[in-house]
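Below: one structure, written as structure tokens.
2 protein chains.
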Amino acid sequence: MARITMQSVADRAGVSKTAVSLAFNDPGRLAEGTVKRILALAGELGYVPDAAARALRTSRTSSLGLLLPQQLDVVLSNPYHTEFLMGVGNVCHQEGYTLLLVPPVRGSMLRAIPSASVDGFIVSGMDEDRGEIQTLRQREVPFVLVDSCGAAGAATVLSDDATGMEELVTHVLELGHRRITLVRLMAGEDENYQYWRSVDSARMRGAVAALGKFGMGVEDVDIAEAYCTRQSGIRVFGEIWDAEQRPTAIVAFSDIIALGILDSARERGVRVPEDVTVTGFDDIAEAGWSAPPLTTVRQPIATKGRLAAEYLVESLREHREHGVNRHQLPVTLEVRGSSGPPRKNGSAARNLKPHQRSLAGA
Amino acid sequence: MARITMQSVADRAGVSKTAVSLAFNDPGRLAEGTVKRILALAGELGYVPDAAARALRTSRTSSLGLLLPQQLDVVLSNPYHTEFLMGVGNVCHQEGYTLLLVPPVRGSMLRAIPSASVDGFIVSGMDEDRGEIQTLRQREVPFVLVDSCGAAGAATVLSDDATGMEELVTHVLELGHRRITLVRLMAGEDENYQYWRSVDSARMRGAVAALGKFGMGVEDVDIAEAYCTRQSGIRVFGEIWDAEQRPTAIVAFSDIIALGILDSARERGVRVPEDVTVTGFDDIAEAGWSAPPLTTVRQPIATKGRLAAEYLVESLREHREHGVNRHQLPVTLEVRGSSGPPRKNGSAARNLKPHQRSLAGA
DNA sequence: CTGAAAGCGCTTACAG
DNA sequence: CTGAAAGCGCTTACAG
Chain A
1 MARITMQSVA DRAGVSKTAV SLAFNDPGRL AEGTVKRILA LAGELGYVPD AAARALRTSR
61 TSSLGLLLPQ QLDVVLSNPY HTEFLMGVGN VCHQEGYTLL LVPPVRGSML RAIPSASVDG
121 FIVSGMDEDR GEIQTLRQRE VPFVLVDSCG AAGAATVLSD DATGMEELVT HVLELGHRRI
181 TLVRLMAGED ENYQYWRSVD SARMRGAVAA LGKFGMGVED VDIAEAYCTR QSGIRVFGEI
241 WDAEQRPTAI VAFSDIIALG ILDSARERGV RVPEDVTVTG FDDIAEAGWS APPLTTVRQP
301 IATKGRLAAE YLVESLREHR EHGVNRHQLP VTLEVRGSSG PPRKNGSAAR NLKPHQRSLA
361 GA
Chain B
1001 MARITMQSVA DRAGVSKTAV SLAFNDPGRL AEGTVKRILA LAGELGYVPD AAARALRTSR
1061 TSSLGLLLPQ QLDVVLSNPY HTEFLMGVGN VCHQEGYTLL LVPPVRGSML RAIPSASVDG
1121 FIVSGMDEDR GEIQTLRQRE VPFVLVDSCG AAGAATVLSD DATGMEELVT HVLELGHRRI
1181 TLVRLMAGED ENYQYWRSVD SARMRGAVAA LGKFGMGVED VDIAEAYCTR QSGIRVFGEI
1241 WDAEQRPTAI VAFSDIIALG ILDSARERGV RVPEDVTVTG FDDIAEAGWS APPLTTVRQP
1301 IATKGRLAAE YLVESLREHR EHGVNRHQLP VTLEVRGSSG PPRKNGSAAR NLKPHQRSLA
1361 GA
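Chains A and B, in that order, give the protein sequences. Quick note on numbering: the numbering used here labels position 178 of the first sequence as 178, and the sequence is numbered without any gaps. Add 1000 to a position in the second sequence, counting from 1, and you land on the number used in the numbering used here.
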């Protein structure tokens, strides 16, 4: 049985293709009876307008693309993204869009990705110098950047990462910790696959600012790196704990990494927070239940998704460039069950320096 | 600046559209220099072949559709689906497909949904009599059914729900419970939005089978209903607990409902399992951490996603109908911290009936 | 109220 | 090794 097209419906109904098209898209312009007859026949034949043809003709697809920095199962293993997706999905539902998930395609990233058939893209965690984004711009495909500080004329949604991390590190320093390991976000193995670079540097900036207030610098802390996965958190704790100098506090740049660190600590019989304090960033749901619960920085993840999608939909509708429009969302410090450094040779309070009072407001 | 098409690249390169197309799709047929020149120019201009046009011409999109029974944020609030998505995403990555998420569109479900531009569909939790599926079949769009017992000639991936529930209810009965409330899956408000009906009835069948072995029937238990959401679990516990006759065991047909029940019980100061035993189904990750951990039936959720996607991809590749091909995955009972009914007037063991030995093998 | 015709941007035999 | 031409299935002025 041949593919059933608009022409076949038209033939059977004894009308033109135009009439069939109109029956679907602008029924008011047809006699009521004609519309009914066509629609009934179409239903009977199981006819549905071909999406590709319609998209080619109208250059509208009714779907939004989400450009992801890693393959889907890796991305989804971080609850951060699930929550983000929920925000995006909420808007998609309201506005009647489907959502195309576009992870990096093996090999032909630059070519394959931006060719997806969507009305616009939400770009997650990628810096603007990536080829995909430049292609998007050249093709004039509307897009909005999330978790990336877009430079020139790109709409952007991100959290105030610097302030969040500054508050958190300040908190850790106030607790008396002076041996601190920062676990930064690893940017991806491949030079073309870099992601979360700007988030990482914003958080780093915040950490350095906090250190500065205590008369410390980046040279006074240890730096480790991990991918944004639980597994990588497990690995990095091993490295940290097997090193010569153990920290009294580990400041992970992401909750999922912190949770991996917690897993590994439990496994090795290291007590948290008695032996070492661990903090995260994001405040994913599990940060509240984990044992022990995680001190972290809360960012409104679903809101981020919602905002990005709304923004994209709006610029699709208005069909105009929004220019440099940056939404920066507020964050809050969530203090949960952290403690000062283990007390050996006198109280931790001894380590506190005088300028610790000049803190950033919460 | 005008949209940049294949023609503009051809003009600039001084070749025909054919050559440009070939450079992308079959470079071997062109002189090496020509290919290089074209590709370089294309890169410079930011040219990317238009996806819609290509799809129309080749009737290939390189994306898979996932037909969802509820709006995206509702779906994703159940970790079951996240895990399922990870399985699907894994295959998408391997095979180079993007994934289009297609929740029900407001209003025009039947028309809008199956028109999405994809090579095939994974259909989650919908029964075959739904209009979308009939349309898929009529249009001869390849699809595979998940969590639904497809009747005639549809590929299907599901778990052995009946056996799982039978084992679980048997376990609950063996513990001595006789006042049991089953919380079935609510099928959706709208007549056209029914979902998880066959999963629900398979689980119900299993429960009835278990009851039968103890000389009981469906009339000997209470039946409640909840949507597959945490919120709905919270609500249903309220109803159950406020009723005249309280059960000693609540058998929820899904973990997410059971977790909601646990939330509500905690809120009301009802102790689990001392005051009431609660069980789930699925074994989502949180079932292992929850307080108390949930006795449940483990089904291989990610595997289900992987299998469904592999299956679809294969039938796309081979371009043939697979006929009635049903994968039924095994399940296992996960016993975690459940207990017998509260002991009043003598030991719970008294309630056990003699035929309790004739249990289904694990 | 309805239809003939052009054209969206590609791919692909086919001819040279 | 390269190009002219047809056509995928729609939508949309335009004409009647």
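Note that beta-carbon positions come from the ideal geometry of N, C-alpha and C, so glycine has one too.
{"Query": "Give the straight-line distance between the Cα atoms of B:Lys1017 and A:Leu39, rounded to the nearest whole angstrom.", "Result": "39 angstroms"}
{"Query": "Go ahead and label A:Gly288 buried or exposed: buried means 16 or more other beta carbons lie within 10 angstroms of its beta carbon, across all protein chains shown.", "Result": "exposed"}
{"Query": "Could you name the residues of the same chain whose beta carbon sits closer than 8 angstroms to that of B:Arg1012, not counting the 5 residues immediately before and after it, in chain order?", "Result": "Leu1041 and Leu1045"}
{"Query": "Would you mind giving the Cβ-Cβ distance between B:Trp995 and B:Cys1228, rounded to the nearest angstrom? I have them listed as a contact below 8 angstroms.", "Result": "Residue 995 of chain B is absent from the model: chain B starts at 1001 and stops at 1362."}
{"Query": "Starting from B:Thr1181, trace the beta strand (DSSP E) in both directions and tell me its first and last residue.", "Result": "Ile1180 to Leu1185"}
{"Query": "Check each candidate in B:Val1015, B:Gln1194, B:Gly1212 and B:Ala1154 and name the one with the smallest Cα separation from B:Pro1167.", "Result": "Per the sequence presented here, residue 1167 of chain B reads as Glu, with Pro not at that position. If we check each option's Cα against that of B:Glu1167, B:Gly1212 comes out closest."}
{"Query": "Going along the region 232-245 of chain A in order, which residues come within less than 9 angstroms of chain B, judged by CB to CB distance?", "Result": "none"}
{"Query": "Since B:Gln1299 meets chain A, which of its residues come closer than 9 angstroms, beta carbon to beta carbon?", "Result": "Near B:Gln1299 there are no residues of chain A at all, since even the closest Cβ is about 18 angstroms away, more than 9 angstroms."}
{"Query": "Using beta-carbon positions only, say whether A:Arg336 and A:Thr279 come within less than 7 angstroms of one another.", "Result": "no"}
{"Query": "For A:Arg37, name the three-state secondary structure that DSSP assigns.", "Result": "helix"}
{"Query": "To the nearest angstrom, report how far apart B:Ala1019 and A:Ser290 are at their CA atoms.", "Result": "59 angstroms"}
{"Query": "Under 7 angstroms, do B:Ser1117 and A:Ser117 count as touching if we go by C-beta distance?", "Result": "yes"}
{"Query": "Less than 7 angstroms between CB atoms is the rule here; does B:Val1102 satisfy it with respect to chain A?", "Result": "yes"}
{"Query": "Taking B:Val1105 as the reference, give the member of B:Val1088, B:Glu1132 and B:Gln1094 with the closest Cα.", "Result": "B:Glu1132"}
{"Query": "Looking at the C-beta of B:Ser1081, does it have a partner C-beta in chain A at a distance below 7 angstroms?", "Result": "Looking at the sequence provided, one finds His at residue 1081 of chain B rather than Ser. No, B:His1081 lies away from the interface with chain A (no Cβ there is under 7 angstroms from its Cβ)."}
{"Query": "Can you name the residues of chain A whose CB is closer than 8 angstroms to the CB of B:Met1086?", "Result": "Leu72, Asp73, Leu76 and Ser77"}
{"Query": "Closer than 8 angstroms is the cut-off here; do at least three beta carbon pairs connect the region 45-59 of chain A with the region 1053-1067 of chain B?", "Result": "yes"}
{"Query": "B:Val1297 and B:Gly1164 look like a contact to me (Cβ under 8 angstroms); what is the Cβ gap, rounded to whole Å?", "Result": "4 angstroms"}
{"Query": "What residue does the alpha helix (DSSP H) around A:Arg139 start on, and which one ends it?", "Result": "Gly131 to Arg139"}
{"Query": "Apart from the five residues on each side of it in sequence, which residues of its chain come closer than 6 angstroms, Cβ to Cβ, to A:Met6?", "Result": "Lys17 and Val20"}
{"Query": "Out of curiosity, what's the CA-to-CA distance linking A:Leu67 and A:Thr156?", "Result": "14 angstroms"}
{"Query": "I need the DSSP call for B:His1177, collapsed to helix, strand or coil.", "Result": "coil"}
{"Query": "If you check the beta carbons only, do A:Gln194 and A:Ala202 fall under 7 angstroms apart?", "Result": "no"}
{"Query": "For A:Arg179, tell me which candidate among A:Asp220, A:Val331 and A:Ser159 has the shortest Cα-Cα distance.", "Result": "A:Asp220"}
{"Query": "Quick test of the definition: if touching needs 3 or more C-beta pairs under 8 angstroms, does the region 71-88 of chain A touch the region 20-37 of chain A?", "Result": "no"}
{"Query": "Just to confirm my understanding: we take B:Glu1225, look at its own chain, exclude 5 residues before and 5 after, and list those with CB closer than 6 angstroms. What are they?", "Result": "Arg1184 and Met1186"}
{"Query": "Under 7 angstroms between C-beta atoms, does A:Leu41 make it to chain B?", "Result": "no"}
{"Query": "Based on DSSP bridge pairs, tell me the residues matched to B:Ile1240.", "Result": "Beta-bridge pairing links B:Ile1240 to no other residue."}
{"Query": "Report the neighbours of A:Phe67 on chain B: residues whose CB is nearer than 8 angstroms to its CB, in chain order.", "Result": "Reading off the sequence shown, one finds Leu at residue 67 of chain A, where the question assumed Phe. The contacting residues do not exist; A:Leu67 stays about 10 angstroms from chain B at best."}
{"Query": "Report buried or exposed for A:Gln245, applying the criterion of at least 16 other Cβ atoms within 10 angstroms of its Cβ.", "Result": "exposed"}
{"Query": "Using a Cβ-Cβ cutoff of less than 6 angstroms, which residues in the same chain neighbour A:Thr61 once the five nearest sequence positions on both sides are dropped?", "Result": "Ala55, Ser117, Val118 and Asp119"}
{"Query": "If we define contact as Cβ-Cβ less than 7 angstroms, is A:Thr135 a contact residue for chain B?", "Result": "yes"}
{"Query": "Scan the region 1073-1126 of chain B and note each continuous alpha helix (DSSP H) run of 4 residues or more that stays entirely inside, going in chain order.", "Result": "1079-1095 and 1109-1112"}
{"Query": "Based on Cα-Cα distance, which residue from A:Arg230, A:Ile234, A:Met204 and A:Phe121 lies nearest to A:Ile223?", "Result": "A:Met204"}
{"Query": "Look at the alpha carbon of B:Tyr1097 and the alpha carbon of A:Gln138, and state the distance between them as a whole number of angstroms.", "Result": "24 angstroms"}
{"Query": "Run through the DSSP bridge pairs and tell me what B:Ser1063 is partnered with.", "Result": "B:Thr1098"}
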